[in-house]
Each structure stands twice: as C-alpha cells, then as structure tokens.
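Asks: Below is one structure. I have some questions about it.
Residue numbers (the numbering used here): 22 to 366.
Shown next, in the form of structure tokens:
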C-alpha cells in the first residue's frame, strides 16, 4: 500500500468512529414519550385484588406470570408513568385507585421494544364526552340549538348558570389534557431523576373513550368530524405534526354484540377518522371488542351477587368497565402498544 494512502485512511477512520460515537450518544439520550388519554376505561377499572388472586390461581397464573416475582408485582426500571397525581416506575395500580388499566401491558409492550427508557403520560377522567368535555378548539362551538337546550337544563338546577359557564365546560378536559402533558414534560427531570438529561420525543398517542358520546345520538352524529379535529389539534398543540395516533374502538359487549344498532353506529363513527387520506399510515384503529372476557361475562350473566365466589375469580366491575377484567384490559393494552409500534415504521 502506498504510504500516502495509508496515512489518509487513519484520520478518515477516526472521523467515522467519532461520528458513530456521537450518533450512539444522541440515540441513548432520547426519551420516547407516549400519551394515553380518554375516559373511565383508559383510567382502568380492573381491581388489583383480583390480580392478586389470578397470579396464584392454577387456571390463570401462567397468563400473568410476567407481572410478578414470587408474588410481588414487578416494577419496571425502564418504563416510567405519570397519571395525574401519581408518578413512578410502571407497575400495577396506575388505573383508578387500586386498579389497573391498559397502561400496564401497553407499557410492557413498548418497554420491551425500545432499548432506551420510555415515559407514559396518562390523562383520563371518567364520564367525559368528546363532543363537549374533550372538544378540540378547531371544532368550534356546538350547534346553537344543542347549546341552548343544555343551558336550559343547567339553569333548572342553578338559575345563575351563565352562557360563559357553559362555554367553559366545552373543551375543558382537552385543555387540561394538553396542560398535563406539557407540565409533565417540563418537570420530567424533577419527577423522574432517572431520566434527567434525556431529550423527550413524542412517539405516540392512544385514545380510548366513547361511552358518553355513544349514548347521545347528537354526539354520535358529530363524532367522526370532531375526532378528526381532535387529532389535528393534538398534533398542533404538542408540535408533533405526524404523531402516531391510535383510536381504541368501543368494545363493550364483545364482538358478538352486533344487534345493538346504536353501538354499531357509534363504532363506525369512531373508525371513520382513520379512513381520511390525511391520516393514512399515521392513524390506526384497534377493535377492542375482540378482547372481551367471555368467561367473566358468563359469570356476570348468571348473577355476580349470587355467584360471588366465582365472580371474584374473574371480574371486578360492570360490563361498561370491561367487567373489571385483567384479561380484557391486558389484551387491550398490549394491542394498543403493538398498534402504536407498527405506526413507528
């Protein structure tokens, strides 16, 4: 080899090595952030006491073996979560008080995928509609006749209730959701010292909501349009124009419940936004009805109060809360995680 060629290669190799080290360091400093939002079923209603039984019961212990070590629930050191007034390493109990929701298996799924730690920000409040409570700014005001009728209902209870008071309710939880996400990101080093110095990168948004819109025909009729506004506004307000977005379609009653016209109409409206050309490849729908717990449903149908011993082995809430079933919430959370990861590609 010519000496000049040899001496030129050394600096070149050094530059390549330095670039690789720099790239690797930057990659290691990233912090994938996932947002989980919605109403009561995103909160999660599967009671921890049920899971404490199921990790030991012969018929279910294999299914939940990965969640505990010798009866003590696993606390992940690579997945962190903030759910309103609670924060820490991901483990059981980040649903409603003493409950679990989709976040547990969602976190396990995305946590296993990434080499770096991940952060989950969960913002969910029970009994909230997209039409009113989570109404995004670009959806504008509701139809005047609906607003007036609602105002009259409030004034029957409180004559001093004003138009301004009602306007404040529209979009209240959308604003709180965005504020919660931004505040958590701003305070992440304080909340999670283990993540200090890492650069957050919004990696996905999961929306699991619908009951309060399904039970109102006017809300259902507007759902598809408002959902599209919601996706656009979330991306705009979080400065993430292509943020992967998963819609968890209502699954109460399972995939055999096809005779309920109201429910089917609403499920179609939920899925419609994902079909818009602008959302191709970056918005997906997860059909949660396929994960229904038919064993728990069978016990519930026989009468859970009359069959309490059997019920306490399979469920912990009513059907509109997915029977408080860990099988339901776990499968749904895993499906959300897998769907959001597919959108990363």
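C-beta: ideal position from N, C-alpha, C; glycine also.
Quick check on this structure: which residue in 312, 359, 336 has the alpha carbon closest to the alpha carbon of residue 6?
Replies: Residue numbering for the chain in the displayed model covers 22 to 366; residue 6 lies beyond these limits and cannot be assessed.
Asks: Measure the C-alpha to C-alpha separation of residue 248 and residue 160 and round it to an integer number of angstroms.
Replies: Here residue 248 is taken as the residue at index 227 of the chain shown, counted from 1. Here residue 160 is taken as the residue at index 139 of the chain shown, counted from 1. One C-alpha to the other measures close to 9 Å.
Asks: Pull up the DSSP beta-bridge partners for residue 59, would you.
Replies: As a position in the chain shown, residue 59 is number 38, starting the count at 1. In DSSP, residue 59 forms a bridge with 145, 229.
Asks: Under the assumption that residue 295 contacts residue 307 (Cβ atoms under 8 Å), give the Cβ distance between them as a whole number of angstroms.
Replies: Taking the chain shown and counting its residues from 1, the one referred to as residue 295 is at position 274. Taking the chain shown and counting its residues from 1, the one referred to as residue 307 is at position 286. So it is not a contact: roughly 10 Å between Cβ atoms.
Asks: With a threshold of 8 Å, are at least 3 pairs of Cβ atoms found where one atom belongs to the region 241-256 and the other to the region 206-213?
Replies: No, the region 241-256 does not touch the region 206-213.
Asks: What does a CB cutoff of less than 8 Å around residue 315 pick up in its chain, not counting 5 residues either side in sequence?
Replies: As a position in the chain shown, residue 315 is number 294, starting the count at 1. Contacts found: 275.
Asks: Going by the beta-carbon positions, is the gap between residue 309 and residue 270 smaller than 8 Å?
Replies: If you number the chain shown from 1, residue 309 lands on position 288. If you number the chain shown from 1, residue 270 lands on position 249. Yes, they are a contact pair.
Asks: Measuring only the C-alpha atoms, how far is residue 345 from residue 68?
Replies: Within the chain shown, residue 345 is the residue found at index 324, counting from 1. Within the chain shown, residue 68 is the residue found at index 47, counting from 1. Each residue's alpha carbon lies about 7 Å from the other.
Asks: Can you tell me the Cα-Cα spacing of residue 200 and residue 288, whole angstroms?
Replies: Position 179 of the chain shown, counted from the first residue, corresponds to residue 200. Position 267 of the chain shown, counted from the first residue, corresponds to residue 288. Their backbone Cα atoms lie some 29 Å apart in a straight line.
Asks: State whether the region 223-233 contacts the region 323-337, with contact taken as three or more CB pairs (one from each stretch) at a distance under 8 Å.
Replies: These segments do not touch.
Asks: Check for me: the beta strand (DSSP E) holding residue 104 runs from which residue to which?
Replies: As a working mapping, residue 104 is identified with position 83 in the chain shown. Unbroken beta strand (DSSP E) run through residue 104: 100-104.
Asks: Figure out for me which residue from 133, 237, 184, 92 has the closest Cα to the Cα of residue 355.
Replies: Sequence index remark: in the chain shown, residue 355 carries index 334 (1-based). Checked all of 133, 237, 184, 92; the closest Cα to residue 355 is 133.
Asks: Can you have a look at residue 129 and say buried or exposed, based on whether 16 or more other CB atoms are within 10 angstroms of its CB?
Replies: On the chain shown, position 108 is the one that residue 129 refers to. It is buried - the Cβ of residue 129 has at least 16 other Cβ atoms within 10 Å.
Asks: If we ignore side chains and look at the alpha-carbon of each, how far apart do residue 124 and residue 63 end up?
Replies: Working through the chain shown from its first residue, we reach residue 124 at position 103. Working through the chain shown from its first residue, we reach residue 63 at position 42. Answer to the nearest angstrom: the Cα atoms are 8 Å apart.
Asks: By DSSP, does residue 266 sit in helix, in strand, or in coil?
Replies: Your numbering for residue 266 matches position 245 in the chain shown. Three-state DSSP puts residue 266 in a strand.
Asks: Run through the DSSP bridge pairs and tell me what residue 140 is partnered with.
Replies: Reading the chain shown from its first residue, position 119 is the one you call residue 140. Paired residue(s): 54, 101.
Asks: Would you check if the region 133-150 and the region 53-63 touch, i.e. whether three or more CB-CB distances between them fall below 8 Å?
Replies: Verdict: yes, contact present.
Asks: Helix, strand or coil for residue 221? Go by DSSP, reduced to three states.
Replies: Within the chain shown, the letter at position 200 stands for residue 221. Residue 221: strand per DSSP, three-state reduction.
Asks: Of the residues 221, 238, 339, 300, which one's Cα is nearest the Cα of residue 389?
Replies: Outside the displayed span of the chain (22 to 366) sits residue 389, for which this structure offers no information.
Asks: Report all residues from its chain with a CB closer than 7 Å to the CB of residue 94; omit the five preceding and five following residues, and keep chain order.
Replies: As a working mapping, residue 94 is identified with position 73 in the chain shown. Within the same chain, residue 94 has close Cβ partners 88, 112, 113.
Asks: Within this structure, are the beta carbons of residue 152 and residue 243 separated by less than 8 Å?
Replies: Sequence index remark: in the chain shown, residue 152 carries index 131 (1-based). Sequence index remark: in the chain shown, residue 243 carries index 222 (1-based). In this structure, residue 243 lies closer than 8 Å to residue 152 by Cβ.
Asks: Tell me the residue span of the beta strand (DSSP E) that contains residue 107.
Replies: If you number the chain shown from 1, residue 107 lands on position 86. Segment 107-110, the beta strand (DSSP E) holding residue 107.
Asks: Leaving out five residues on either side along the sequence, give the residues of the same chain with a beta carbon under 6 Å from the beta carbon of residue 365.
Replies: Translated into positions along the chain shown, residue 365 becomes position 344. Once the five neighbours on either side are set aside, residue 365 has no close Cβ partner at all.
Asks: Looking at the structure shown, is residue 261 part of a helix, part of a strand, or coil, going by DSSP?
Replies: For the purposes of this step, residue 261 is taken as the residue at position 240 of the chain shown. Correct three-state label for residue 261: coil.
Asks: Just to confirm the assignment: which complete alpha helix (DSSP H) runs, minimum length 4, are found wholly within the region 113-198?
Replies: The region 113-198 contains these whole alpha helix (DSSP H) runs: 124-134, 165-178, 184-190.
Asks: For a test of the three-state rule: what should DSSP assign to residue 202, helix, strand or coil?
Replies: As a working note, residue 202 is residue 181 in the chain shown. If DSSP states are grouped into helix, strand and coil, residue 202 belongs with the helices.
Asks: Look up residue 94 in the DSSP assignment and give the residues it is bridged to.
Replies: On the chain shown, position 73 is the one that residue 94 refers to. Residue 94 is bridged to 89.
Asks: Have a look at residue 290 and residue 343 and give me their C-alpha separation to the nearest angstrom.
Replies: As a first step, residue 290 must be located in the chain shown, where it is residue number 269. As a first step, residue 343 must be located in the chain shown, where it is residue number 322. Whole-angstrom Cα-Cα distance: 21 Å.
Asks: Who are the near neighbours of residue 347 in its chain, counting only those whose CB is closer than 8 Å to its CB and skipping five residues on each side?
Replies: By 1-based counting over the chain shown, the position of residue 347 is 326. For residue 347, where only same-chain residues beyond five positions count, the Cβ hits under 8 Å are 67, 71, 72, 75, 85, 121.
Asks: Out of 107, 224, 186, point me to the one whose CA is closest to residue 145's CA.
Replies: Along the chain shown, read from residue 1 onward, the residue named residue 145 stands at position 124. Residue 145 has its Cα closest to that of 107, out of 107, 224, 186.
Asks: Quick check on the DSSP output: what are the complete beta strand (DSSP E) runs of length 3 or more inside the region 270-321, in order along the chain?
Replies: 304-308, all fully within the region 270-321.
Asks: Quick one: what's got a C-beta closer than 6 Å to residue 192's C-beta in the same chain, skipping five residues either side?
Replies: Position 171 of the chain shown, counting from 1, holds the residue named residue 192. Same-chain partners within the cutoff: 156.
Asks: Quick check: what's the CA-CA separation for residue 203 versus residue 196?
Replies: Your numbering for residue 203 matches position 182 in the chain shown. Your numbering for residue 196 matches position 175 in the chain shown. Near 11 Å, if we compare the C-alpha coordinates of residue 196 and residue 203.
Asks: Do you know how far the Cα of residue 59 is from the Cα of residue 282?
Replies: By 1-based counting over the chain shown, the position of residue 282 is 261. By 1-based counting over the chain shown, the position of residue 59 is 38. Going from the Cα of residue 282 to the Cα of residue 59 covers about 23 Å.
Asks: If the criterion is Cβ atoms closer than 8 Å, does the pair residue 110 and residue 98 meet it?
Replies: The sequence position of residue 110 within the chain shown is 89, counting from 1. The sequence position of residue 98 within the chain shown is 77, counting from 1. For residue 110 and residue 98, yes; Cβs fall inside 8 Å.
Asks: Can you look up residue 323 in the DSSP assignment and give me helix, strand or coil?
Replies: Counting from one through the chain shown, the residue named residue 323 turns up at place 302. Three-state result, residue 323: helix.
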